[in-house]
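Q: Residue 51 in UniProt numbering sits at position 51 of the sequence shown; the count goes up by one each step and never skips.
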Amino acid sequence: ECFNSPYGTKYFSEYAENIPQGESVKTLSEAAKEAKAFVVGGSIPERDSSGKLYNTCTVYDTGGNLIVKHRKVHLFDIDIPGMIKFQESETLSPGSSLTQFETDYGKIGIGICYDMRFPEMAMIAARKGCIAMIYPGAFNLTTGPLHWELLQRARALDNQFFVATCSPARDMKSTYNAWGHSTVTDPNGQIVATAEHDEAIIYADIDLEKIKQTRQMIPVSSQRRFDLYPDISAHK
């Protein structure tokens with residue numbers, strides 16, 4: 001999250017880039033094309049044509065084409081007395097849409113950091129056929145040990161699909177200390193790959209058969225009672 005910028009409201013304007021003209025987009029596009037891989041490019045502060053700032057994730061196909069961008073929907077405005085206070089809304093505007101994209105293997109949903117706390121986003125993605133949610137994020141040393149793994153496992157288990165997160169490595173010299181622990185979680189809510197807080201690369205297979213088997217054994221999706229409560233995916 002905000003990989004091209006220190007994570008702090010006073011930095012976002014200075015480091016913000018236009019999309020798709022910015023250097024970060026060009027670099028990520030070249031990386032996707034060279035690797036012949038889909039790339040979910042973390043997030044950067046984005047400045048739109050009107051001057052508004054967003055926390056934005058860009059996604060590229062195997063040819064390096066920018067195919068979708070997700071603007072963080074839920075801004076990180078919290079106040080934990082004696083621990084941490086952070087107000088993204090001081091400088092950022094929230095996104096106004098949910099984001100999924102197609103790959104050769106299946107559809108994938110995107111959220112950014114604080115978006116993971118809102119189960120509706122992942123639920124809608126699952127109802128729309130996604131095989132995974134990917135969340136670039138930067139939980140801190142207060143919320144990280146409490147909720148980082150818990151939320152990933154909850155989103156994966158609730159929706160019986162894979163969840164992947166990518167965090168900055170921890171730098172105790174910076175103004176914001178990230179928890180780290182980039183992780184991949186399977187449809188049963190089990191951790192299949194994780195890093196520590198240092199810089200690292202993790203690998204995991206997204207087993208589509210495991211999604212199918214999990215949903216067959218415990219078919220919660222088909223057992224939902226939309227006669228008693230609404231199907232939130234019907235409105236998006």
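Where a beta carbon is used, it is the ideal one built from N, C-alpha and C, also for glycine.
#1: What's the C-alpha gap between Lys107 and Lys52?
#2: Whose CA, out of Phe162, Ile112, Met217 and Ala200, lies closest to the CA of Gln190?
#3: Who are the Cβ neighbours of Thr58 in its own chain at under 7 Å, not counting the five residues just before and after it?
#4: Please state whether the Cβ-Cβ distance between Thr183 and Gln160 is less than 7 Å.
#5: On the three-state DSSP scale, how would you describe Leu92?
#6: Using CA atoms only, rank isn't needed, just tell me which of Met172, Tyr7, Phe38 and Ser43 is closest to Gly22.
#7: Quick one: what's got a C-beta closer than 7 Å to Ala37's C-beta in the same chain, skipping five residues either side?
#8: Arg225 to Asp205, Cα distance in whole Å?
#9: Distance check for His74 and Tyr54, CA to CA, integer angstroms please.
#10: Return the CA-CA distance between Ala193 and His181, expressed in angstroms with no decimal places.
#11: At the level of alpha carbons, what is the spacing between Glu88 and Thr9?
#12: Quick check: Asn140 and Ile84, are their CB atoms within less than 7 Å of each other?
#13: Which residues bound the alpha helix (DSSP H) around Val25?
#14: Runs of 4 residues minimum, wholly inside the region 96-171: which ones carry the alpha helix (DSSP H) assignment?
#15: Mind checking His197: buried by the 16 CB within 10 Å criterion, or exposed?
#16: Would you report the Cα separation of Ile202 and Ala195, rounded to the nearest angstrom?
#17: Short of 7 Å in beta carbon distance, which residues of its chain neighbour Ile124, apart from the five on each side in sequence? Order them along the chain.
#18: Can you name, in chain order, every residue of its own chain whose Cβ lies under 7 Å from the Cβ of Thr214, other than the five neighbours on each side?
#19: Got a sec, what are the start and stop residues for the beta strand (DSSP E) Arg47 sits in?
#20: For Ala169 versus Glu199, is the C-beta spacing smaller than 7 Å?
#21: How is Tyr176 classed by DSSP in three states: helix, strand or coil?
A: In short, the structure shows the following:
#1: 29 Å
#2: Phe162
#3: Ile19, Val25, Leu28, Gly41, Leu66 and Lys69
#4: no
#5: coil
#6: Ser43
#7: Thr62
#8: 33 Å
#9: 11 Å
#10: 10 Å
#11: 6 Å
#12: yes
#13: Glu23 to Ala35
#14: 119-127 and 149-159
#15: buried
#16: 7 Å
#17: Leu98, Ile232, Ser233 and Lys236
#18: Gln160, Pro187 and Asn188
#19: Ile44 to Arg47
#20: yes
#21: coil
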